[in-house]
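*Asks:* Read left to right, the sequence shown gives residues 0 to 210 (numbering that gives the first Met the number 0).
All C-beta atoms in this analysis are idealised placements derived from N, C-alpha and C, irrespective of residue type, glycine included.
Here it is, the structure, as structure tokens.
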Amino acid sequence: MEHLDLYLKADRDAVDKANGNERCTMYIIFLRNLSTDHKYTAKRRYSDFYELRNQILCLIEGHCDRCNQHYEDIKSYPFPSRTLFPLLAAQTSVITERIDSLCLFLKDMLRHVLERPFDLCAHTDTTIRRKLIVEFLELDEANVMPRPRVHPADDVRKTPNPRPVKPPHSKSPRKARVAADTCPKCMDTWINCLCDDQDDARVGPRRHSDR
């Protein structure tokens, strides 16, 4: 469960709107998925944690031999005991103890769910995932799962091929401009030009040879 960071804080002056705006201590659950950098929070009373634990134990007890083993394991997880007097629940020492124990309880439950030891019994696995993740934390299972790793080969296939770079267009050198009375080949005047008369590149008046 290295990809999850979980801790609890307490709000001693919270108002429980579901119970007639009753003043109570709310335990705020902070959960961060380090692989996706997504953060989640949930507010629960101690009684909500207590009910979650009892519901899970009741649902898996006696289902099968494996469920009975999971029952004993979950029952052994650290869990703070209930106080007989409501005023004691507001004491700093009690709240501090509950923060530590409830945080360990949630971490143990999430670790066992994510490492899949309950897969040997589909009933236990489904029950705990539904009660813990969906109903208690009010999250989708994907929120607490690590981000899938991308295989290097898949990453290469998804990378678009770079466009071929076209070579710079090379322009042909321009011919030098010459005067009308100048041979463009030897750059001499036509009168003094000694270029071969049969040269196809020659332009301009041709010189007649004396025969």
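Let me know the secondary structure DSSP gives L138 once reduced to three states.
*Replies:* DSSP places L138 in coil when its eight states are reduced to three.
*Asks:* Rounded to a whole number of angstroms, what is the C-alpha to C-alpha distance between R210 and C194?
*Replies:* Model confidence at R210 stands at a pLDDT of 43, short of 50, so the residue's coordinates are unreliable; what they give is reported in the following sentence. Here the alpha carbons of C194 and R210 stand approximately 18 Å from one another.
*Asks:* What do you get for R52, buried or exposed, if any count of 16 or more other CB atoms within 10 angstroms of its CB means buried?
*Replies:* Buried, because 16 or more other Cβ atoms sit within 10 Å of the Cβ of R52.
*Asks:* Give the single residue among T35, I94, N67, I73 whose Cα lies nearest to the Cα of R44.
*Replies:* Considering only T35, I94, N67, I73, the residue with the shortest C-alpha distance to R44 is I94.
*Asks:* So, helix, strand or coil for D36, using DSSP?
*Replies:* coil
*Asks:* Thinking just about the alpha-carbon of each residue, which of L103, N20, T91 is nearest to the one in P77?
*Replies:* Of the candidates L103, N20, T91, L103 places its Cα closest to the Cα of P77.
*Asks:* Specify the secondary structure class of L101 as computed by DSSP and reduced to three states.
*Replies:* helix
*Asks:* For N67, count the other beta carbons within 10 Å of its own beta carbon; 16 or more makes it buried, fewer makes it exposed. Which is it?
*Replies:* exposed
*Asks:* On the DSSP bridge list, what partners appear for E21?
*Replies:* D15
*Asks:* Considering just the uninterrupted stretch of the alpha helix (DSSP H) at D180, what are its terminal residues?
*Replies:* No alpha helix (DSSP H) holds D180; DSSP gives it neither H nor E.
*Asks:* Is the distance from the Cβ of H2 to the Cβ of S34 below 7 Å?
*Replies:* The answer is yes: Cβ separation under 7 Å.
*Asks:* Alpha helix (DSSP H) containing D187: first to last residue?
*Replies:* Unbroken run through D187: none, as it is neither H nor E.
*Asks:* Starting from H2, trace the alpha helix (DSSP H) both ways and give me its first and last residue.
*Replies:* No alpha helix (DSSP H) holds H2; DSSP gives it neither H nor E.
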